[in-house]
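Residues 10 to 323 in the working numbering are what the sequence shown spells out, letter by letter. All residues carry an ideal CB built from backbone N, CA and C; glycine is no exception. This one's a predicted model, so the numbers in the text were calculated from it and none came from an experiment. Only one structure is covered here, and it is reproduced in the block below.
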Amino acid sequence: MGLLSSLFGGKSSEEKQTATQEDKNFDTLKYDGIRARNIHQLPYAIKCFENAIRLKEEPETMMLLANAYLQTDATDNARTILDRLVEIQPERSENQLALARVCYLQADYKSMDTACQNAIKLDENNATAYYMAAQAFRGLQNPIQAIVMLTKATVLNENYLEAYLLRAEVLWDMRQANDSLEDIERVLSIHPENEDALLLKGKIQAALGDKDAAFKAFDQVLENNPFNENAYLLKGELDIELKELDAAIENYTEAIELMPENARLYQERGRARLLKGDKEGSIEDMKKAISLDPEKENLINGNFQNFEAPASPL
């Protein structure tokens, strides 16, 4: 039998035992890694998954490793694993989209688009693939193609809130206010308390001159979530634009009471105080902003000129 095995390429018992042991080792490492991940021991989970795929490049374990890398902000490592996964299993659209998500985190929009187009070729009815392709086109400064992709996504999924909202943002980037508001209203008809939609609606209404509608949108966000930083920033910015400096200061003070460690709020209140002529109060807020976020010392010059120009939060 040994001669026949060698002649016809059969594995020896020793080779079979080695392969069996490697399979056992792989399974032990993989499931130890899963258990470690489940109890949030990610460094140990990563070691287990890394050693497992050295024994066998099994797609499920490679995806587990990529996700563990992402959870520990090791984005480049995740990209390496997913690039390899797509090489050995290119026919699965979920692999292509996983790679696209990592490309998005890396702002590699060209590679993201390639992965999304591959996913679309594999499944033309995958609304998520069109949505992510739109994100890539937006990153590539191609708003028209982004809108095309988002329209396809909403045709496939009429209740795709994220797609309507992203299309509203792209349309507003192009200053197509009416079309943008139409998509926003679609989002709000499905989810009336969607904070991102309400903030964008308020921002557009403010730009169109309907200040009351803008304040109403910002206040609606704060009624549902009093810790929404952007709502306070946009509301205060609008107060300053209207020369309602006391209202702006009151708005920022209210926000600071809820979020006392937020450097941006102190910076914006300092700007409002400076515009009102309260240089001493402005200096206090500047110092507090810098103590909370030392990088702001490079953003705020000694003459407080940076306070005088509004910084849009969105």
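Point to revise | In chain order, each alpha helix (DSSP H) run of at least 4 residues that lies wholly inside the region 216-284 | key: Listed in chain order, the complete alpha helix (DSSP H) runs (minimum 4 residues) inside the region 216-284 are 220-233, 238-250, 254-267.
Review point. Taking the C-alpha atoms as reference points, what is the distance between D82 and M71?
Key: Approximately 16 Å, taken between the alpha carbons.
Check your understanding: Residue ranges of each alpha helix (DSSP H) run of no fewer than 4 residues wholly in the region 160-217, ordered along the chain?
Key -> Runs found: 170-182, 186-199, 204-217.
Check your understanding: Hey, quick one: how far does the alpha helix (DSSP H) through I4 stretch, first residue to last?
Key -> Past the edges of the chain, shown from 10 to 323, lies residue 4, and the structure says nothing about it.
**Study point:** Contact belief for L79 with D122 at Cβ below 8 Å, rounded distance in angstroms
**Key:** No, L79 and D122 are not in contact; Cβ-Cβ is about 20 Å, not under 8 Å.
Point to revise | Helix, strand or coil at N134 according to DSSP, with G and I counted as helix | key: In this structure, N134 counts as coil in the three-state DSSP scheme.
Point to revise | Distance CB(T84)-CB(V111) smaller than 8 Å | key: Contact: yes.
Check your understanding: In terms of alpha-carbon separation, which member of E266, L274, E253 lies closest to L284?
Key -> Nearest C-alpha to L284: E253.
Point to revise | Secondary structure of P68, DSSP reduced to three states | key: P68: helix per DSSP, three-state reduction.
Check your understanding: What is the C-beta distance between L159 and Y140, in whole angstroms, given that I count them as a contact (C-beta under 8 Å)?
Key -> Indeed they touch by this definition, with Cβ atoms about 7 Å apart.
Check your understanding: G218 to L108, Cα distance in whole Å?
Key -> If you take the alpha carbons of G218 and L108, they lie about 43 Å apart.
Review point. How would you write the range of the alpha helix (DSSP H) that R88 sits in, first residue to last?
Key: Note, R88: alpha helix (DSSP H), 84-97.
Point to revise | CA-to-CA distance, A116 to N127, given in whole angstroms | key: Rounded to the nearest angstrom, the gap between the Cα atoms of N127 and A116 is 18 Å.
Review point. What is the DSSP secondary structure of L149, reduced to helix, strand or coil?
Key: The answer is coil: DSSP assigns L149 none of H, G, I, E or B.
Review point. Anyone know if the C-beta pair for L231 and A222 falls short of 8 Å?
Key: The criterion of a C-beta distance shorter than 8 Å is not satisfied by L231 and A222.
Exercise for review: Taking only the alpha-carbon atoms, compute the straight-line gap between A45 and V179 and give it to the nearest angstrom.
Suggested key: Their backbone Cα atoms lie some 41 Å apart in a straight line.
Review point. For S300, is the classification buried or exposed, using 16 other Cβ atoms within 10 angstroms of its Cβ as the cut-off for buried?
Key: Result: exposed.
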